[in-house]
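K.L.:
Got a structure here, written out as structure tokens. Questions coming.
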Amino acid sequence: MERRGCFFALLAGIVWATMGGLGVVLGSLGLTPYEIAFNRLFFGFLLTAVFLCKKGKEKLKIDKKGFIYILVIGVITQACTNIFYYNAVNISGSIVATLLVCTGPLFTMIFSSLVFREKLTKFNLISLGVTLIGCIFVIVNGDIKKINFDAVGIGFGILSGITYGLFPIFSRKLEGKYDSEVITSYAFGIGAMVVFVFCDFGNLISEYSNNHIIAASLLLGLLPTGTAFFLFLKAINYIPVVKASIISLVEIPTTAIIGTLFLNEVITVSGALGMFLVLGGICISKFK
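If you count by this note's numbering, then the sequence shown holds residues -4 to 283, one letter each, in order.
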């Protein structure tokens, strides 16, 4: 069972890594960060909703308590994470924003110990520390001068890490009561409605006449949104949320590899060392 959970978490991180490249594509087509975030959640909701149609009406029903939890998941872990993250990108740049959103597993570890009384072993702490250091090396990629230390941008980045780290906590509360696909789909829909407030409706409509935007948005909704979250929720059915969050950080080196293969980016010695540390941290997480 543990191997299955680790496998799902690893796959979730790898699939999440496609988000950066697809975001670059949509940005080059003229979409604002908020429009990219909306498309990610909106198309993720549409695609997962189509999938849910096969489950039958009984599977889609939720009670009042479940609705409140899913509302919180949608607003805080989907809408707020995207809003905070893209504000951090606009103020401090993508490097600082990505570094700080990667602190999510740290907050997951803290919240998990408080809410679920999960014991924090020395291997958890060492694994998280090594993995986060590796993420820093990969993202900075040998050029620390790219980092913009703006207090407001850092504040938004930390908030994105906190809200991102809360996703597995809230989701675990509904474990076994509803299908993970139902939780995820409803959360995407709620998140999309919140982010929509920050978008220009006229611009969105005009952009949807571009087939390239539609295709990239569909992929963004299918891969790093619907599929990745489904896989992650499957993972926490088998392994602790802390371990799943750490393993999913394989997203960072995978993103760097995708950038090298398809976006003409270069991995330096620092970046390669970071990848090694991330993989090492993930291996350490398997010790008890």
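Think of the CB as a built atom: it goes at the ideal place given N, C-alpha and C, for glycine as much as any other residue.
Could you tell me the boundaries of the alpha helix (DSSP H) in which F162 lies?
P.N.:
Locating residue 162 in the sequence shown gives position 167, where the first residue counts as 1. Counting along the chain, the alpha helix (DSSP H) containing F162 begins and ends at A146 to K168.
K.L.:
At what residues does the alpha helix (DSSP H) containing G212 begin and finish?
P.N.:
Here residue 212 refers to the residue found at position 217 when the sequence shown is read from its first residue. The sequence given here places Ser at residue 212; Gly does not occur at that position. N206 to G216 is the extent of the alpha helix (DSSP H) around S212.
K.L.:
Report all residues from its chain with a CB closer than 6 Å to the CB of I241; omit the five preceding and five following residues, and keep chain order.
P.N.:
For the purposes of this step, residue 241 is identified with residue 246 of the sequence shown, where counting begins at 1. Once the five neighbours on either side are set aside, the close Cβ partners of I241 are P100, S122, L123, T126 and S280.
K.L.:
Just checking my contact of V288 with A211 at CB under 8 Å: how many whole Å lie between their CB atoms?
P.N.:
The first residue shown for the chain is -4 and the last is 283, placing residue 288 beyond what the model contains.
K.L.:
Check whether the Cβ atoms of M104 and V261 sit closer than 8 Å, and answer yes or no.
P.N.:
By 1-based counting over the sequence shown, the position of residue 104 is 109. By 1-based counting over the sequence shown, the position of residue 261 is 266. Not in contact: M104 and V261 (Cβ atoms no closer than 8 Å).
K.L.:
Nearest CA to the CA of G39: which residue from L217, G160, T250 and P248?
P.N.:
Residue mapping note: residue 39 aligns to position 44 of the sequence shown, counting from 1. Of the candidates L217, G160, T250 and P248, the one whose C-alpha sits nearest the C-alpha of G39 is L217.
K.L.:
Specify the secondary structure class of T93 as computed by DSSP and reduced to three states.
P.N.:
As a position in the sequence shown, residue 93 is number 98, starting the count at 1. If DSSP states are grouped into helix, strand and coil, T93 belongs with the helices.
K.L.:
Hey, how far is the Cα of K60 from the Cα of L169?
P.N.:
In the sequence shown, the residue the question calls residue 60 occupies position 65. In the sequence shown, the residue the question calls residue 169 occupies position 174. Straight-line Cα distance between these residues: approximately 10 Å.
K.L.:
Just to check my reading of the structure: L215 and N34 have Cβ atoms closer than 8 Å, yes? What is that Cβ distance to the nearest angstrom?
P.N.:
If you number the sequence shown from 1, residue 215 lands on position 220. If you number the sequence shown from 1, residue 34 lands on position 39. Correct: roughly 6 Å between the Cβ atoms.
K.L.:
Tell me the start and end of each unbroken alpha helix (DSSP H) in the segment 17 to 100 that is at least 4 residues and wholly inside, in chain order.
P.N.:
Within the segment 17 to 100, the complete alpha helix (DSSP H) runs of at least 4 residues are 28 to 47, 52 to 55, 59 to 67, 76 to 87 and 89 to 96.
K.L.:
Mark F257 as exposed unless 16 or more other C-beta atoms lie within 10 angstroms of its C-beta, in which case mark it buried.
P.N.:
Reading the sequence shown from its first residue, position 262 is the one you call residue 257. Result: exposed.
K.L.:
Please confirm if the segment 192 to 210 is in contact with the segment 146 to 162, defined as three or more CB-CB distances below 8 Å between the two stretches.
P.N.:
They do not touch, by the three-pair rule.
K.L.:
From which residue to which residue does the alpha helix (DSSP H) around E176 run?
P.N.:
In the sequence shown, counting from the first residue as 1, residue 176 sits at position 181. Here the alpha helix (DSSP H) through E176 covers S175 to F191.
K.L.:
Is the separation between the beta-carbon of L226 and that of V273 shorter than 8 Å?
P.N.:
Reading the sequence shown from its first residue, position 231 is the one you call residue 226. Reading the sequence shown from its first residue, position 278 is the one you call residue 273. Contact: no.
K.L.:
Tell me, please, whether the segment 171 to 191 touches the segment 67 to 87 by the rule of three or more beta-carbon pairs shorter than 8 Å.
P.N.:
The segment 171 to 191 vs the segment 67 to 87: in contact.
K.L.:
Using CA coordinates, which residue listed in M270, A223 and Y80 is at the minimum distance from L5?
P.N.:
Counted from its first residue, the sequence shown places residue 5 at position 10. Selected option, being the one with the closest Cα: A223.
K.L.:
Rank Y81, I234 and C48 by C-alpha distance to the C-alpha of N119 and give the top, closest one.
P.N.:
Along the sequence shown, one-based indexing puts residue 119 at 124. Ranking Y81, I234 and C48 by Cα distance to N119 puts I234 first.
K.L.:
Measuring only the C-alpha atoms, how far is T27 from A12?
P.N.:
Locating residue 27 in the sequence shown gives position 32, counting from the first residue. Locating residue 12 in the sequence shown gives position 17, counting from the first residue. Each residue's Cα considered, the two are about 20 Å apart.
K.L.:
Out of E176, L36 and P248, state which residue places its alpha-carbon closest to the alpha-carbon of L94.
P.N.:
Sequence index remark: in the sequence shown, residue 94 carries index 99 (1-based). When only C-alpha atoms are compared, the closest one is P248.
K.L.:
Output the distance between the C-alpha atoms of P219 and I9, rounded to the nearest integer angstrom.
P.N.:
Start at 1 with the first residue of the sequence shown, and residue 219 comes out as number 224. Start at 1 with the first residue of the sequence shown, and residue 9 comes out as number 14. Those two C-alpha atoms are separated by around 9 Å.
K.L.:
Going by Cα to Cα distance, which pick from S155, G276 and A230 is closest to R(-2)?
P.N.:
Working through the sequence shown from its first residue, we reach residue -2 at position 3. Measuring from the Cα of R(-2), the nearest candidate turns out to be A230.
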